[in-house]
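Undergrad: Residue numbers (my numbering): 37 to 230. Even glycine gets a Cβ: it sits at the ideal position worked out from N, Cα and C. Please read all numbers here as calculations on a predicted model, not as lab measurements. Attaching a single structure in structure tokens format; questions to follow.
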Amino acid sequence: MDERLQQKLVKRYPEIFRDYGGDMRYTCMAWGIECGDGWFELLNSMCHDIVKLCGDKDIQVIAHQVKEKFGGLRFYFGIESKYTILNRLDVKIRNLFFSHKLGIPYWKIVKFRRKIWKTIEEKISDRIDQAEIESEKTCEACGKPGKMRGGNWVYTACDSCDAKYTEGKRRWKHPEEFPNVYEQLFGEDSYGKL
Ligand SMILES: [Zn+2]
37 MDERLQQKLV
47 KRYPEIFRDY
57 GGDMRYTCMA
67 WGIECGDGWF
77 ELLNSMCHDI
87 VKLCGDKDIQ
97 VIAHQVKEKF
107 GGLRFYFGIE
117 SKYTILNRLD
127 VKIRNLFFSH
137 KLGIPYWKIV
147 KFRRKIWKTI
157 EEKISDRIDQ
167 AEIESEKTCE
177 ACGKPGKMRG
187 GNWVYTACDS
197 CDAKYTEGKR
207 RWKHPEEFPN
217 VYEQLFGEDS
227 YGKL
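Here it is, written out as structure tokens:
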């Protein structure tokens, strides 16, 4: 992803991307955000929602790795919380209790409980799943609606970017051939072109 777009995400969501950059040997996100510019908005709105979900609940999502895999977005993350273990145990005990009391299998209780009430972790994980699913319908190069294509090399692209890929053009080799997402969103700036 365009370094300038990555910096936008890091600045907007410093807690989520706290492992970004720094000492290459120790940070999980040493390689940066490894996907196309077209998924910037997907990541942006996902992070926005994550921050809202966390609110003041003493819970924090930390990105470990963000990349493209098999044509879709992968967001690997960790959750830090003071109360996580206790909360989880509490939920587990309740589920076991109901499971035993009502004679209903444990997984059915969990499924039913998730329908009416979700933990914050589950809500966060659902929101991330949603972004990953959306990425499979969003052009990785430009952000317009697209679909998964390809055989050995699977990628998600709109018709126009796909035509360029078919011609052999690649975003990292021929950036001028593809829409400039950063400039479309933020205008030109002095940072220089990628
Ligand atoms: Zn496109």
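(1) Pair every Cβ in the region 163-175 with every Cβ in the region 73-90, then say whether three or more of these pairs are closer than 8 Å.
(2) Count the other CB atoms, across all protein chains shown, that sit within 10 Å of the CB of Leu-132; report buried if there are 16 or more and exposed otherwise.
(3) What separation, rounded to the nearest whole angstrom, lies between the Cα atoms of Asp-55 and Lys-137?
(4) What are the boundary residues of the alpha helix (DSSP H) that Thr-174 is part of?
(5) Short of 6 Å in beta carbon distance, which residues of its chain neighbour Tyr-112, apart from the five on each side in sequence? Order them along the chain.
(6) Determine, using beta carbons only, whether Gly-107 and Met-184 come nearer to each other than 8 Å.
(7) Might you give, ordered along the chain, the residues of its own chain that have their beta carbon closer than 6 Å to the beta carbon of Lys-180, omitting 5 neighbours on each side?
(8) At the level of alpha carbons, what is the spacing between Val-46 and Ser-135?
(9) Judging by CA-CA distance, which residue of Met-65, Glu-157, Met-37 and Glu-116 is the nearest neighbour of His-78?
(10) Excluding five sequence neighbours on each side, which residues of the same chain lie with their C-beta closer than 8 Å to the C-beta of Ile-115?
(11) Does the distance between the C-beta of Ala-99 and the nearest non-hydrogen atom of ligand 1 fall short of 7 Å?
(12) Quick check on Leu-230: does DSSP put it in helix, strand or coil?
TA: Checking against the coordinates, here is how it stands:
(1) yes
(2) Here residue 132 refers to the residue found at position 96 when the sequence shown is read from its first residue. Answer is exposed; the Cβ neighbour count stays below 16.
(3) Reading the sequence shown from its first residue, position 19 is the one you call residue 55. Reading the sequence shown from its first residue, position 101 is the one you call residue 137. Near 45 Å, if we compare the C-alpha coordinates of Lys-137 and Asp-55.
(4) Locating residue 174 in the sequence shown gives position 138, where the first residue counts as 1. First-last for Thr-174: undefined, no H or E at that position.
(5) On the sequence shown, residue 112 is found 76 positions in, with the first residue counted as 1. Answer for Tyr-112: His-100 and Gln-101, listed in chain order.
(6) Against the sequence shown, residue 107 aligns to sequence position 71. Against the sequence shown, residue 184 aligns to sequence position 148. Yes, they are a contact pair.
(7) Against the sequence shown, residue 180 aligns to sequence position 144. So the list reads Cys-194, once near-sequence residues are dropped.
(8) Counted from its first residue, the sequence shown places residue 46 at position 10. Counted from its first residue, the sequence shown places residue 135 at position 99. Using only the alpha carbons, I get a separation of about 43 Å.
(9) For the purposes of this step, residue 78 is taken as residue 42 along the sequence shown, with counting starting at 1. Here residue 78 turns out to be Leu, not His, going by the sequence shown. Out of Met-65, Glu-157, Met-37 and Glu-116, Met-37 has the C-alpha closest to the C-alpha of Leu-78.
(10) By 1-based counting over the sequence shown, the position of residue 115 is 79. Excluding sequence neighbours, Ile-115 sits near Ile-95, Gln-96, Val-97, Ile-98, Glu-157 and Ile-160.
(11) Position 63 of the sequence shown, counting from 1, holds the residue named residue 99. No; taking the cut-off as 7 Å, the Cβ of Ala-99 has no heavy atom of ligand 1 nearer than that.
(12) Counting from one through the sequence shown, the residue named residue 230 turns up at place 194. Note on Leu-230: pLDDT 43, under 50, position unreliable in the model; the coordinate value appears next. Leu-230 falls in the coil class under three-state DSSP.
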